[in-house]
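What follows is one structure encoded as structure tokens, with my remarks underneath.
Protein chains: 2
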Amino acid sequence: MSDRKKVSLLFIGTELTNGTVQDAHTRYISPRLGEIGLDVRSVQLLPDDRSISRELKREAALSDIVIVAGGLGPTSDDLTREIVADAADCALLFNQRLWESITERFEHLSGTANRNQAFVPEGFEPIPNKRGTAPGLTGSIGDALLFILPGPPRELQGMFDEDVLPLLRRNYGFHKEDMLEASCFLICESGLEEACQRIPSQGLSWGTRVQSRRISLYIRGGNKESRSAFLFSLQKHFGKERVRQGNIDLPSYVFGLLREKKKRLSCAESFTGGLFGKTITDFPGSSEVFSGGVISYTAGTKEKFLGIDRSLLDSSGAVSRETAVAMALSVRKISAADFGISFTGIAGPGGGTEKTPVGTVWIGLSSLEGGEYAFPFSISGSRERIRSKAVLIGFLLLEMSIKENKSLDSKRMWQYSKVFL
Amino acid sequence: MSDRKKVSLLFIGTELTNGTVQDAHTRYISPRLGEIGLDVRSVQLLPDDRSISRELKREAALSDIVIVAGGLGPTSDDLTREIVADAADCALLFNQRLWESITERFEHLSGTANRNQAFVPEGFEPIPNKRGTAPGLTGSIGDALLFILPGPPRELQGMFDEDVLPLLRRNYGFHKEDMLEASCFLICESGLEEACQRIPSQGLSWGTRVQSRRISLYIRGGNKESRSAFLFSLQKHFGKERVRQGNIDLPSYVFGLLREKKKRLSCAESFTGGLFGKTITDFPGSSEVFSGGVISYTAGTKEKFLGIDRSLLDSSGAVSRETAVAMALSVRKISAADFGISFTGIAGPGGGTEKTPVGTVWIGLSSLEGGEYAFPFSISGSRERIRSKAVLIGFLLLEMSIKENKSLDSKRMWQYSKVFL
Numbered sequence: 015m016s017d018r019k020k021v022s023l024l025f026i027g028t029e030l031t032n033g034t035v036q037d038a039h040t041r042y043i044s045p046r047l048g049e050i051g052l053d054v055r056s057v058q059l060l061p062d063d064r065s066i067s068r069e070l071k072r073e074a075a076l077s078d079i080v081i082v083a084g085g086l087g088p089t090s091d092d093l094t095r096e097i098v099a100d101a102a103d104c105a106l107l108f109n110q111r112l113w114e115s116i117t118e119r120f121e122h123l124s125g126t127a128n129r130n131q132a133f134v135p136e137g138f139e140p141i142p143n144k145r146g147t148a149p150g151l152t153g154s155i156g157d158a159l160l161f162i163l164p165g166p167p168r169e170l171q172g173m174f175d176e177d178v179l180p181l182l183r184r185n186y187g188f189h190k191e192d193m194l195e196a197s198c199f200l201i202c203e204s205g206l207e208e209a210c211q212r213i214p215s216q217g218l219s220w221g222t223r224v225q226s227r228r229i230s231l232y233i234r235g236g237n238k239e240s241r242s243a244f245l246f247s248l249q250k251h252f253g254k255e256r257v258r259q260g261n262i263d264l265p266s267y268v269f270g271l272l273r274e275k276k277k278r279l280s281c282a283e284s285f286t287g288g289l290f291g292k293t294i295t296d297f298p299g300s301s302e303v304f305s306g307g308v309i310s311y312t313a314g315t316k317e318k319f320l321g322i323d324r325s326l327l328d329s330s331g332a333v334s335r336e337t338a339v340a341m342a343l344s345v346r347k348i349s350a351a352d353f354g355i356s357f358t359g360i361a362g363p364g365g366g367t368e369k370t371p372v373g374t375v376w377i378g379l380s381s382l383e384g385g386e387y388a389f390p391f392s393i394s395g396s397r398e399r400i401r402s403k404a405v406l407i408g409f410l411l412l413e414m415s416i417k418e419n420k421s422l423d424s425k426r427m428w429q430y431s432k433v434f435l
Numbered sequence: 015m016s017d018r019k020k021v022s023l024l025f026i027g028t029e030l031t032n033g034t035v036q037d038a039h040t041r042y043i044s045p046r047l048g049e050i051g052l053d054v055r056s057v058q059l060l061p062d063d064r065s066i067s068r069e070l071k072r073e074a075a076l077s078d079i080v081i082v083a084g085g086l087g088p089t090s091d092d093l094t095r096e097i098v099a100d101a102a103d104c105a106l107l108f109n110q111r112l113w114e115s116i117t118e119r120f121e122h123l124s125g126t127a128n129r130n131q132a133f134v135p136e137g138f139e140p141i142p143n144k145r146g147t148a149p150g151l152t153g154s155i156g157d158a159l160l161f162i163l164p165g166p167p168r169e170l171q172g173m174f175d176e177d178v179l180p181l182l183r184r185n186y187g188f189h190k191e192d193m194l195e196a197s198c199f200l201i202c203e204s205g206l207e208e209a210c211q212r213i214p215s216q217g218l219s220w221g222t223r224v225q226s227r228r229i230s231l232y233i234r235g236g237n238k239e240s241r242s243a244f245l246f247s248l249q250k251h252f253g254k255e256r257v258r259q260g261n262i263d264l265p266s267y268v269f270g271l272l273r274e275k276k277k278r279l280s281c282a283e284s285f286t287g288g289l290f291g292k293t294i295t296d297f298p299g300s301s302e303v304f305s306g307g308v309i310s311y312t313a314g315t316k317e318k319f320l321g322i323d324r325s326l327l328d329s330s331g332a333v334s335r336e337t338a339v340a341m342a343l344s345v346r347k348i349s350a351a352d353f354g355i356s357f358t359g360i361a362g363p364g365g366g367t368e369k370t371p372v373g374t375v376w377i378g379l380s381s382l383e384g385g386e387y388a389f390p391f392s393i394s395g396s397r398e399r400i401r402s403k404a405v406l407i408g409f410l411l412l413e414m415s416i417k418e419n420k421s422l423d424s425k426r427m428w429q430y431s432k433v434f435l
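For the record, the sequence lines run as chains F and C. If you read the first sequence in my numbering, its first letter stands for residue 15, the second for the next number, and so on. If you read the second sequence in my numbering, its first letter stands for residue 15, the second for the next number, and so on.
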């Protein structure tokens, strides 16, 4: 699309410019605009002062769409309504119907400063706020279409998803049906981009969004078949486990699988130190599937809590196939779970040797029906990265084990152990 | 200070405007400017295109200081040098000495695209980059002082701290000696602000910066005595444990204490599910002080790994003083550590009862020399918040236990259990 519309984002709040609060709106709004084919021309953070009016007029002149957030509260700091009226050069009018709809929902507010929130610039329309008192606003300044949204993320996100995005998609954007979304695991951004570039594009365009545990990939344009062919090429390159159609968070997906199959899990963590347990217990209801386990950070705790022979640790080493298998088996048995997973490795920065350098990781699995296995991986990067990647790989192994309920294809894992970063 | 200088921040990169990468520069730079008394007028994120020149000229006209980051790489996307020359209306000159200093450090670069990085706008000075190839730049456009910094956070932060901030502090800002920094734990932002507002200010000003595990408080102006008196008032209100002079991260501080005293720690985690272990093993070298422990998420794992009697769990309940004490004692003994800490509670959103509502938390401590104790807390908020606050309180209790090496003052902890949020 050559005629892509330009969007300006304008977020208001001194807490944003002084760094007290990190701007979370851009990360929420921009990728969603990108998904429907709209480009962000500029993001601006401004303190709560009168300079906003000048900036708003300017953005309205430079862009097709301006999205403003913040400053809609009831106090005197909250200048946005006045400033919009000023920039649009129109009067600010009390909207009786709007005020009634606010006080209907929040009875205690009648007669308070919240009355300010029922003023609307002439020619603008209020957008109902289902999650708070401050209504949003929409209207025009010159040729630019404006959306004014409340600053609290929950209110902003709800209003953006329910009111703003559908309207923009209808009038300017791609339809959801013209896009294919994929979730990519354990692939670095540049590796994914390179792979995408090598695929003949046939009129397709693609964009990525790096999330905490995956990269989301949006394939747009073409037809359904060409988008699927693009995805298939990527799956062939990276493996189906790492590139999946849809919007998927791997740990959450595996948690759902365990719940669905009514299976219980326990873990034995060495260098991950509790990170796997923390990740699965982040999910409400985790006690349905997770029994707990052991943080066997030292030889002593491996021995005392898991009953692993000191002689095994001495002969094979703490970071080895044998130890990983013994940890997984033991933790599963002791906690009477269906699956046991174990992590042993060197997170660094210290502790590496020539034989076992920093980043060496063994992940073990024990399943009631499928026996024991362990796979080695070599992960590069910081301590934090090595730990978080290892936990994510753990979820991938667990998924395979749960689904297949038989011996994992060790050839396939060996192949992964090289491509994983 | 009425004549506070205005700063504009301009960050360049399409990955910022399309939301792929979250802007981390504002959160780094703005509070540090605030500490020395400089206000941020505007933060703008722009894609890599020619619009930057127009925006740069405008910011230079509106502000005293403009800090630009990004677009200094060697590729054709990296337009910042050209754009600065364009906005400053001057030539872009090859700087032979700069090029030599780059190739001296990165020999393999000579004759590559990196040669672009040795071009400097006429009248500008390069700022050496100790962490990468792209030098920074400083100079003027009109009356505005400009700093152009590389985009990678490690390079930007190093150059900002070592070159930009000292210069700004010297010329425009407060001196470090005119400021008192405090670290506040387990206090919410609004509670801290309210308390600060109630203290007679005597010409002092203060600012806060919310960090992941604390709020940093900066008290400026007045003299040393008045700043100390302000801090003392806060300590009287919140307790010395929660308001401390200096820049302190509590878990890191406790980790240092354990290392210094050569003491070992183990943990038994129920509802925190590994978060305490994860937090202490985030620190490199944690194996010197941390033995590991147990994620005793169920009655079964409490029984099997820690030997806690089912009858105790039945009679006292899993979330109780008795269970917390038994968990801490048992994990310390089995892992032969000096200290054992335990967490049992209801993280929610489900699982609460009238007697033990969501947010009820018991934290137990066992010390080789000081015996066993447990304290109850009532923490409000989301599952994530309840878990993270509980872990932070755990570190506070641990610190008291390590330092005093005797029975904790239970009266004091009872008092805290009410003020903690």
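Idealized CB from N, CA, C, for every residue including glycine.
Compare the C-beta of S356 of chain C against all C-beta atoms of chain F and say whether one is closer than 8 Å. The residue given as residue 356 of chain C occupies position 342 in the second sequence. The C-beta of S356 of chain C comes no closer than 8 Å to any C-beta of chain F.
Expressed to the nearest angstrom, what Euclidean distance is found between the alpha-carbon atoms of S284 of chain C and G306 of chain F? Within the second sequence, numbered from 1, the residue matching residue 284 of chain C stands at position 270. Within the first sequence, numbered from 1, the residue matching residue 306 of chain F stands at position 292. It is roughly 8 Å from the alpha-carbon of S284 of chain C to the alpha-carbon of G306 of chain F.
Is there a Cβ from chain C that is less than 8 Å from the Cβ of G287 of chain F? Position 273 of the first sequence holds residue 287 of chain F. With a threshold of 8 Å between beta carbons, G287 of chain F makes contact with chain C.
Run through chain C and tell me which residues come within less than 9 Å of D37 of chain F, C-beta to C-beta. Position 23 of the first sequence holds residue 37 of chain F. The contacting residues are Q36, D37, T40, R41, V57 and L59.
Starting from K292 of chain F, find everything on chain C with Cβ-Cβ shorter than 7 Å and list it in chain order. Start at 1 with the first residue of the first sequence, and residue 292 of chain F comes out as number 278. In chain order, G287, G288, L289 and K292 make up the part of chain C whose C-beta sits under 7 Å from the C-beta of K292 of chain F.
Considering only C-alpha positions, which residue in the set F:V339, F:G156 and F:P166 is nearest to F25 of chain F? Position 11 of the first sequence holds residue 25 of chain F. Of the listed residues, the one whose Cα sits closest to F25 of chain F is F:P166.
Any beta-carbon of chain F closer than 8 Å to the one on F174 of chain C? Taking the first residue of the second sequence as position 1, residue 174 of chain C is located at position 160. No, because no Cβ of chain F sits closer than 8 Å to the Cβ of F174 of chain C.
Using a threshold of 8 Å, state whether the C-beta atoms of S349 of chain C and G314 of chain F are closer than that. If you number the second sequence from 1, residue 349 of chain C lands on position 335. If you number the first sequence from 1, residue 314 of chain F lands on position 300. In this structure, G314 of chain F lies closer than 8 Å to S349 of chain C by Cβ.
Out of F:L112, F:I322, F:G321 and F:L410, point me to the one whose CA is closest to L272 of chain F's CA. Start at 1 with the first residue of the first sequence, and residue 272 of chain F comes out as number 258. Checked all of F:L112, F:I322, F:G321 and F:L410; the closest Cα to L272 of chain F is F:L410.
Name the chain F residues whose beta carbon is nearer than 8 Å to that of A147 of chain C? For the purposes of this step, residue 147 of chain C is taken as the residue at position 133 of the second sequence. Looking at the sequence itself, residue 147 of chain C is Thr, so the reference to Ala does not match. Near T147 of chain C there are no residues of chain F at all, since even the closest Cβ is about 18 Å away, more than 8 Å.
Neighbour flag for F319 of chain C against chain F, beta carbons, 8 Å: The residue you call residue 319 of chain C lines up with position 305 of the second sequence. Yes, its Cβ sits closer than 8 Å to a Cβ of chain F.
Under 8 Å by beta carbon: chain C residues contacting N237 of chain F: Within the first sequence, numbered from 1, the residue matching residue 237 of chain F stands at position 223. In chain C, no part has a C-beta under 8 Å from the C-beta of N237 of chain F; the shortest such distance is about 25 Å.
Residue interval of the alpha helix (DSSP H) (run including V308 of chain F): Here residue 308 of chain F is taken as the residue at index 294 of the first sequence, counted from 1. Per DSSP, V308 of chain F belongs to no alpha helix (DSSP H); it is in the beta strand (DSSP E), F304 to S310.
Can you list, in chain order, the residues of its chain with a C-beta nearer than 8 Å to that of S240 of chain C? Leave out the 5 residues immediately preceding and following it. For the purposes of this step, residue 240 of chain C is taken as the residue at position 226 of the second sequence. The answer, listed in chain order, is Q216, G217 and L218.
Rounded C-alpha distance that separates E169 of chain C from L163 of chain C: Counted from its first residue, the second sequence places residue 169 of chain C at position 155. Counted from its first residue, the second sequence places residue 163 of chain C at position 149. Rounded to whole angstroms, E169 of chain C to L163 of chain C spans 8 Å at the Cα level.
Just the Cα atoms here: how many angstroms apart are F138 of chain F and E118 of chain F? On the first sequence, position 124 is the one that residue 138 of chain F refers to. On the first sequence, position 104 is the one that residue 118 of chain F refers to. If I take the Cα positions, the gap works out to 22 Å.
Whose CA, out of F:R129, F:D177 and F:D103, lies closest to the CA of L112 of chain F? Translated into the one-based positions of the first sequence, residue 112 of chain F becomes position 98. Answer by Cα proximity: F:R129.
Out of F:S266, F:T31 and F:G235, which one is the CA nearest neighbour of H39 of chain C? One-based indexing of the second sequence puts residue 39 of chain C at position 25. Among F:S266, F:T31 and F:G235, the Cα nearest to that of H39 of chain C is on F:T31.
Chain D contact for S305 of chain C (CB, 8 Å cutoff): Absent from the structure is chain D; the protein chains it does hold are F and C.
Can you list the alpha helix (DSSP H) stretches of 4 or more residues lying completely in the stretch 62–112 of chain C, in chain order? As far as the stretch 62–112 of chain C is concerned, its whole alpha helix (DSSP H) runs of at least 4 residues are 65–76 and 94–101.
Integer Cβ distance of T358 of chain F from A332 of chain F, believed to fall under 8 Å: Sequence index remark: in the first sequence, residue 358 of chain F carries index 344 (1-based). Sequence index remark: in the first sequence, residue 332 of chain F carries index 318 (1-based). Sure, about 6 Å apart at Cβ, within 8 Å.
Coil, strand or helix - Q259 of chain C by DSSP: To locate residue 259 of chain C, count along the second sequence from 1; it is residue 245. Correct three-state label for Q259 of chain C: strand.
Compare the C-beta of G384 of chain C against all C-beta atoms of chain F and say whether one is closer than 8 Å. Taking the second sequence and counting its residues from 1, the one referred to as residue 384 of chain C is at position 370. It does not: the Cβ of G384 of chain C has no partner Cβ on chain F nearer than 8 Å.
For I294 of chain C, three-class secondary structure by DSSP: For the purposes of this step, residue 294 of chain C is taken as residue 280 along the second sequence, with counting starting at 1. The answer is helix: DSSP assigns I294 of chain C an H, G or I state.
Pull up the distance between the alpha-carbon of S334 of chain F and that of N185 of chain C, whole angstroms please. Taking the first sequence and counting its residues from 1, the one referred to as residue 334 of chain F is at position 320. Taking the second sequence and counting its residues from 1, the one referred to as residue 185 of chain C is at position 171. Going from the Cα of S334 of chain F to the Cα of N185 of chain C covers about 58 Å.
Rounded to whole angstroms, what is the Cα-Cα separation between G288 of chain C and G365 of chain F? Your numbering for residue 288 of chain C matches position 274 in the second sequence. Your numbering for residue 365 of chain F matches position 351 in the first sequence. Here the C-alpha atom of G288 of chain C lies approximately 22 Å from the C-alpha atom of G365 of chain F.
By the 10 Å Cβ neighbour count, where 16 or more other Cβ atoms means buried, how is R145 of chain F classified, buried or exposed? Taking the first sequence and counting its residues from 1, the one referred to as residue 145 of chain F is at position 131. It counts as exposed.
So the candidates are F:D192, F:W220, F:S230 and F:G221; which of them puts its Cα closest to the Cα of I3 of chain F? Nothing can be reported for residue 3 of chain F: it is not among the residues displayed for chain F, which extend from 15 to 435.
Looking at the C-beta of I416 of chain F, does it have a partner C-beta in chain C at a distance below 8 Å? In the first sequence, the residue the question calls residue 416 of chain F occupies position 402. Not closer than 8 Å to any Cβ of chain C, the Cβ of I416 of chain F fails to qualify, so no.
Counting only beta-carbon atoms, is R273 of chain F nearer than 8 Å to chain C? The residue you call residue 273 of chain F lines up with position 259 of the first sequence. R273 of chain F has a beta carbon lying at 8 Å or more from every beta carbon in chain C.
I need the straight-line Cα distance from P276 of chain F to T293 of chain F, nearest angstrom please. Within the first sequence, residue 276 of chain F is the residue found at index 262, counting from 1. Within the first sequence, residue 293 of chain F is the residue found at index 279, counting from 1. Per the sequence shown, residue 276 of chain F should be read as Lys rather than Pro. Distance between the alpha carbons of K276 of chain F and T293 of chain F: 19 Å.
List the residues of chain C that A350 of chain F touches, going by C-beta distances under 7 Å, in chain order. Within the first sequence, numbered from 1, the residue matching residue 350 of chain F stands at position 336. The answer, in chain order, is G314.
Which stretch, first to last residue, makes up the beta strand (DSSP E) that contains F246 of chain C? Within the second sequence, residue 246 of chain C is the residue found at index 232, counting from 1. First-last for F246 of chain C: K238 to F252, but that is the alpha helix (DSSP H), not the beta strand (DSSP E).
Excluding the five sequence neighbours on either side, which residues of its own chain have a C-beta within less than 7 Å of the C-beta of V54 of chain F, listed in chain order? In the first sequence, counting from the first residue as 1, residue 54 of chain F sits at position 40. Cβ neighbours of V54 of chain F beyond the five flanking positions: V21, L23, S44 and L47.
Going by C-alpha distance, which of F:G384, F:G373 and F:E418 is nearest A404 of chain F? If you number the first sequence from 1, residue 404 of chain F lands on position 390. Out of F:G384, F:G373 and F:E418, F:G373 has the C-alpha closest to the C-alpha of A404 of chain F.
Considering just the uninterrupted stretch of the beta strand (DSSP E) at T286 of chain C, what are its terminal residues? Along the second sequence, one-based indexing puts residue 286 of chain C at 272. Per DSSP, T286 of chain C belongs to no beta strand (DSSP E) and is neither H nor E.
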